[in-house]
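Undergrad: Here our numbering = 1-based position in the sequence shown + 55.
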Amino acid sequence: MVVVSGADEVSGSNSPTTSYARIKELREFDETKAGVKGLVDSGVIKVPRIFVHPPDTLPDLPPQLCSIHNCCQTHPTIPVIDLQEATVDEDPTATRSRRKEVVDKIKQASETWGFFQVVNHGIPQIVLEETLEGVRRFYEQDTEIKKQWYTRDLLGKKIVYDSNFDLYTSAAASWRDSMYCVMDPQPLDPQQLPLVCRDILIEYSKQVRRLGIALFEMLSEALGLSPKHLIDMGCAEGHALLCHYYPACPQPELTLGSTKHSDNDFLTILLQDQIGGLQVLFQNQWIDVYPTPGALIINIGDLLQLISNDGFKSVQHRVLARSVGPRISVACFFTTGVQSSTTVYGPIKELLSKDNPPVYRETTVKEFTAHHREKRDRGSSALPHFKL
Ligand code: OGA
Ligand code: NI
56 MVVVSGADEV SGSNSPTTSY ARIKELREFD ETKAGVKGLV DSGVIKVPRI FVHPPDTLPD
116 LPPQLCSIHN CCQTHPTIPV IDLQEATVDE DPTATRSRRK EVVDKIKQAS ETWGFFQVVN
176 HGIPQIVLEE TLEGVRRFYE QDTEIKKQWY TRDLLGKKIV YDSNFDLYTS AAASWRDSMY
236 CVMDPQPLDP QQLPLVCRDI LIEYSKQVRR LGIALFEMLS EALGLSPKHL IDMGCAEGHA
296 LLCHYYPACP QPELTLGSTK HSDNDFLTIL LQDQIGGLQV LFQNQWIDVY PTPGALIINI
356 GDLLQLISND GFKSVQHRVL ARSVGPRISV ACFFTTGVQS STTVYGPIKE LLSKDNPPVY
416 RETTVKEFTA HHREKRDRGS SALPHFKL
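(1) Say whether the stretch 148–167 touches the stretch 313–322, bearing in mind that this needs 3 or more beta-carbon pairs closer than 8 Å, one atom from each stretch.
(2) Closer than 6 Å is what we want: which residues have a beta carbon that near any heavy atom of the ligand OGA? List them in chain order.
(3) How many Å lie between Gln-327 and His-299 at the Cα?
(4) If we count the other Cβ atoms within 10 Å of its Cβ and call it buried at 16 or more, is Ala-425 buried or exposed?
(5) Just the Cα atoms here: how many angstroms apart are Cys-127 and Lys-92?
(6) Heavy atom of the ligand NI less than 7 Å from the Cβ of His-427, yes or no?
(7) Could you give the distance in angstroms between the alpha-carbon of Gln-180 and the alpha-carbon of Pro-413?
(8) Can you find a heavy atom of the ligand NI that lies under 7 Å from the Cβ of His-294?
(9) Give the straight-line distance between the Cα atoms of Leu-438 and Leu-361, rounded to the nearest whole angstrom.
(10) Quick one: which unbroken beta strand (DSSP E) runs of 3-plus residues sit fully inside the stretch 206–239? Chain order, please.
(11) Three-state secondary structure (DSSP) at Leu-280?
(12) Check whether the Cβ of Thr-323 lies closer than 7 Å to any heavy atom of the ligand NI, and answer yes or no.
(13) Could you have a look at Leu-438 and say whether DSSP puts it in helix, strand or coil?
(14) May I ask you to check if the CB of His-316 is nearer than 7 Å to at least one heavy atom of the ligand NI?
(15) Pairs of beta-carbons, one from the stretch 229–237 and one from the stretch 281–288, closer than 8 Å: are there three or more?
(16) Strictly by DSSP, which residues pair up with Gly-293?
(17) Excluding sequence positions up to five away, which residues of its chain have a Cβ less than 8 Å from the Cβ of Ser-218?
(18) Going by DSSP in three states, Lys-315 sits in which element: helix, strand or coil?
(19) Tell me, please, which residues DSSP counts as bridged to Ser-384.
(20) Give the secondary structure of Tyr-400 by DSSP, where H, G and I count as helix, E and B as strand, and everything else as coil.
(21) Between which two residues does the alpha helix (DSSP H) carrying Leu-243 extend?
(22) Between Cys-304 and Ser-384, how many whole angstroms is the CB-CB distance? I'm expecting something under 8 Å.
(23) Throw me the rounded Cβ distance for the Leu-138 and Val-173 pair, which I believe falls under 8 Å.
(24) Within 10 angstroms of its Cβ, does Gly-98 collect 16 or more other Cβ (buried), or is it exposed?
(25) Is the beta carbon of Leu-297 sitting closer than 8 Å to the one on Ala-226?
(26) Using CA atoms only, rank isn't needed, just tell me which of Val-370, Gly-401, Ala-164, Leu-351 is closest to Leu-443.
(27) For the stretch 354–372 against the stretch 328–345, are there 3 or more C-beta pairs whose distance is under 8 Å?
(28) Just confirm the distance between the C-beta atoms of His-294 and Arg-431, as a whole number of angstroms; I'd bet it's less than 8 Å.
(29) Is the stretch 201–212 in contact with the stretch 344–357, if contact means three or more CB pairs nearer than 8 Å?
(30) Roughly how many angstroms separate the alpha carbons of Asn-411 and Leu-359, rounded to a whole number?
(31) Since Trp-341 sits in a beta bridge, which residues does DSSP pair it with?
(32) Distance check for Leu-113 and Gly-331, CA to CA, integer angstroms please.
(33) Would you mind giving the Cβ-Cβ distance between Phe-193 and Pro-249, rounded to the nearest angstrom? I have them listed as a contact below 8 Å.
(34) On the criterion of 16 or more Cβ atoms from any shown chain inside 10 Å, does Ser-313 qualify as buried, or is it exposed?
Put into structure tokens, the structure is as follows:
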């Protein structure tokens, strides 16, 4: 049993004594290697104070209220794009015009929302369902077995399970456990993957990579470039799967599943289950991304905003804690491999003109990542730092 204080004991959170107690409590939690799921399994009925977020970062309405009153249905929602329309058939002219329509929708969504959902994306429903099931099996297996992947020492590791990668630096911990799997560019030895989700994660990784490449082609076209442009720049060279588990939370109004952030990659493909809780910041309002059966969520990452010279937007998003759960999601991040730390990325030359001068200086993925980490703790974007 973990000795962590409950939410009602929060006071003077910035006093040195409290900070000291906080570090101790964080360590105690970390050392269980059982994550938030372990807390819930041990029967906590109050959110421990290390998870209590400052009121200004919490949602105004408890999330349950939102869904009970269906209030969000009057808000705008992110576009759903049918990729079926972009597939090739016998008639090349019809194919071209339908594909152009899809590319236009992707362009529009990427310029405004930075987020869209895709259906008829080519990944079978059964693969999506089994991927979520595989992740569930990982978290719900014997804690003693699961612990072997729990680490804060990332050096050379391709599979990392932890709770809150920023546990010791963020203002408050989030109600979430995660497993990070670096799938590419160097091939991963399948034996390194946990047995209970090994085969399905390999299959999903293969399929999601194929979809990623198709999307980068359409995004290149949406920027007015040749279809292979973004791929040739290395945008899909590497990808990693981040498998999240958001346990049901006894006091969802006090914490978050994930704090507000933008993604530090070129593109993210997100698979979520039917629970909901993901929100996107649109025109200063938090908009719910309702689960759409069979759909995948696509969002533009910071690096694509940088190389598109602000043409596409990397938008902040967060995940609410919910009283129902667990919620399971799998984010696939497309980026270069770490070994590409010398490749320099800046606004794509073909997009620049007198009317569209470069907004950003050039940087490496390594340098950008270092700034992203620092800024994320404060809920802000790393992009302004790279502005000219
Ligand atoms: C992420 C993310 C959202 C989710 O992993 O960067 O935003 O719904 N995940 O889990
Ligand atoms: Ni994200």
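Even for Gly, the Cβ is constructed at its ideal location relative to N, Cα and C.
TA: On the basis of the supplied data:
(1) Under the 8 Å Cβ criterion, the stretch 148–167 does not count as touching the stretch 313–322, having fewer than three qualifying pairs.
(2) Residues lining the ligand OGA by the Cβ criterion, that is a Cβ closer than 6 Å to any of its heavy atoms, are Leu-297, His-299, Ser-313, Asp-318, Leu-325, Gln-327, Leu-333, His-372, Val-374, Ser-384, Ala-386 in chain order.
(3) In the sequence shown, residue 327 corresponds to position 272, counting from 1. In the sequence shown, residue 299 corresponds to position 244, counting from 1. Distance between the alpha carbons of Gln-327 and His-299: 9 Å.
(4) Position 370 of the sequence shown, counted from the first residue, corresponds to residue 425. The residue in question, Ala-425, is exposed, as its Cβ has fewer than 16 Cβ neighbours within 10 Å.
(5) For the purposes of this step, residue 127 is taken as residue 72 along the sequence shown, with counting starting at 1. For the purposes of this step, residue 92 is taken as residue 37 along the sequence shown, with counting starting at 1. In this prediction, Cys-127 has a pLDDT of 49, which is less than 50 and means its spatial position is unreliable; what the coordinates show is noted afterwards. Roughly 29 Å between the two C-alpha positions.
(6) One-based indexing of the sequence shown puts residue 427 at position 372. Look at His-427: its beta carbon is at least 7 Å from all of the heavy atoms in the ligand NI.
(7) As a working mapping, residue 180 is identified with position 125 in the sequence shown. As a working mapping, residue 413 is identified with position 358 in the sequence shown. Between Gln-180 and Pro-413, the C-alpha separation is close to 42 Å.
(8) Here residue 294 refers to the residue found at position 239 of the sequence shown. It does not: the Cβ of His-294 is nowhere closer than 7 Å to a heavy atom of the ligand NI.
(9) Working through the sequence shown from its first residue, we reach residue 438 at position 383. Working through the sequence shown from its first residue, we reach residue 361 at position 306. In this structure, the CA atom of Leu-438 is about 7 Å from the CA atom of Leu-361.
(10) Taken in chain order, the complete beta strand (DSSP E) segments of 3 residues or longer contained in the stretch 206–239 are 214–217, 232–237.
(11) Residue 280 sits at position 225 when you count from the first residue of the sequence shown. Here DSSP, grouped into helix, strand and coil, assigns Leu-280 to coil.
(12) Against the sequence shown, residue 323 aligns to sequence position 268. It does: the Cβ of Thr-323 is within 7 Å (strictly closer) of some heavy atom of the ligand NI.
(13) Residue mapping note: residue 438 aligns to position 383 of the sequence shown, counting from 1. Leu-438 falls in the helix class under three-state DSSP.
(14) Taking the sequence shown and counting its residues from 1, one reaches residue 316 at position 261. Distances from the CB of His-316 to the heavy atoms of the ligand NI include at least one below 7 Å.
(15) No, because fewer than three Cβ pairs between the stretch 229–237 and the stretch 281–288 fall closer than 8 Å, the two stretches do not touch.
(16) Translated into positions along the sequence shown, residue 293 becomes position 238. Beta-bridge pairing links Gly-293 to Thr-390.
(17) Counted from its first residue, the sequence shown places residue 218 at position 163. The beta carbon of Ser-218 lies closer than 8 Å to those of Phe-84, Asp-85, Gly-90, Val-91, Ala-228, Arg-231, Asp-232, Ser-233 in the same chain, with the five residues before and after it left out.
(18) Translated into positions along the sequence shown, residue 315 becomes position 260. Strand.
(19) In the sequence shown, counting from the first residue as 1, residue 384 sits at position 329. Looking at the DSSP assignment, Ser-384 forms a beta bridge with His-299, Gln-327.
(20) As a working mapping, residue 400 is identified with position 345 in the sequence shown. Reduced to three states, the DSSP call for Tyr-400 is strand.
(21) As a working mapping, residue 243 is identified with position 188 in the sequence shown. Annotation: Leu-243 is outside any alpha helix (DSSP H) and is labelled neither H nor E by DSSP.
(22) Locating residue 304 in the sequence shown gives position 249, counting from the first residue. Locating residue 384 in the sequence shown gives position 329, counting from the first residue. The pair is not a contact, with the Cβ atoms about 15 Å apart (cut-off 8 Å).
(23) To locate residue 138, count along the sequence shown from 1; it is residue 83. To locate residue 173, count along the sequence shown from 1; it is residue 118. Leu-138 to Val-173, Cβ: 5 Å. Contact.
(24) Position 43 of the sequence shown, counted from the first residue, corresponds to residue 98. Exposed is the call here.
(25) Within the sequence shown, residue 297 is the residue found at index 242, counting from 1. Within the sequence shown, residue 226 is the residue found at index 171, counting from 1. Annotated as distal: Leu-297 and Ala-226, with beta-carbon spacing of 8 Å or more.
(26) Here residue 443 corresponds to residue number 388 of the sequence shown, with the count starting at 1. The shortest Cα separation from Leu-443 among Val-370, Gly-401, Ala-164, Leu-351 belongs to Gly-401.
(27) Contact holds: three or more Cβ-Cβ distances are below 8 Å.
(28) Within the sequence shown, residue 294 is the residue found at index 239, counting from 1. Within the sequence shown, residue 431 is the residue found at index 376, counting from 1. Not really, about 20 Å apart at Cβ, beyond 8 Å.
(29) Remark: fewer than three beta-carbon pairs, one from each stretch, lie closer than 8 Å, so the stretch 201–212 and the stretch 344–357 are not flagged as touching.
(30) For the purposes of this step, residue 411 is identified with residue 356 of the sequence shown, where counting begins at 1. For the purposes of this step, residue 359 is identified with residue 304 of the sequence shown, where counting begins at 1. Distance between the alpha carbons of Asn-411 and Leu-359: 16 Å.
(31) To locate residue 341, count along the sequence shown from 1; it is residue 286. Beta-bridge pairing links Trp-341 to Leu-336.
(32) Along the sequence shown, one-based indexing puts residue 331 at 276. Along the sequence shown, one-based indexing puts residue 113 at 58. Using only the alpha carbons, I get a separation of about 17 Å.
(33) In the sequence shown, counting from the first residue as 1, residue 193 sits at position 138. In the sequence shown, counting from the first residue as 1, residue 249 sits at position 194. The Cβ separation is near 5 Å, so the contact holds.
(34) Along the sequence shown, read from residue 1 onward, the residue named residue 313 stands at position 258. Sixteen is the threshold: when 16 or more other Cβ atoms of the shown chains lie within 10 Å of the Cβ of Ser-313, as they do, the residue is buried.
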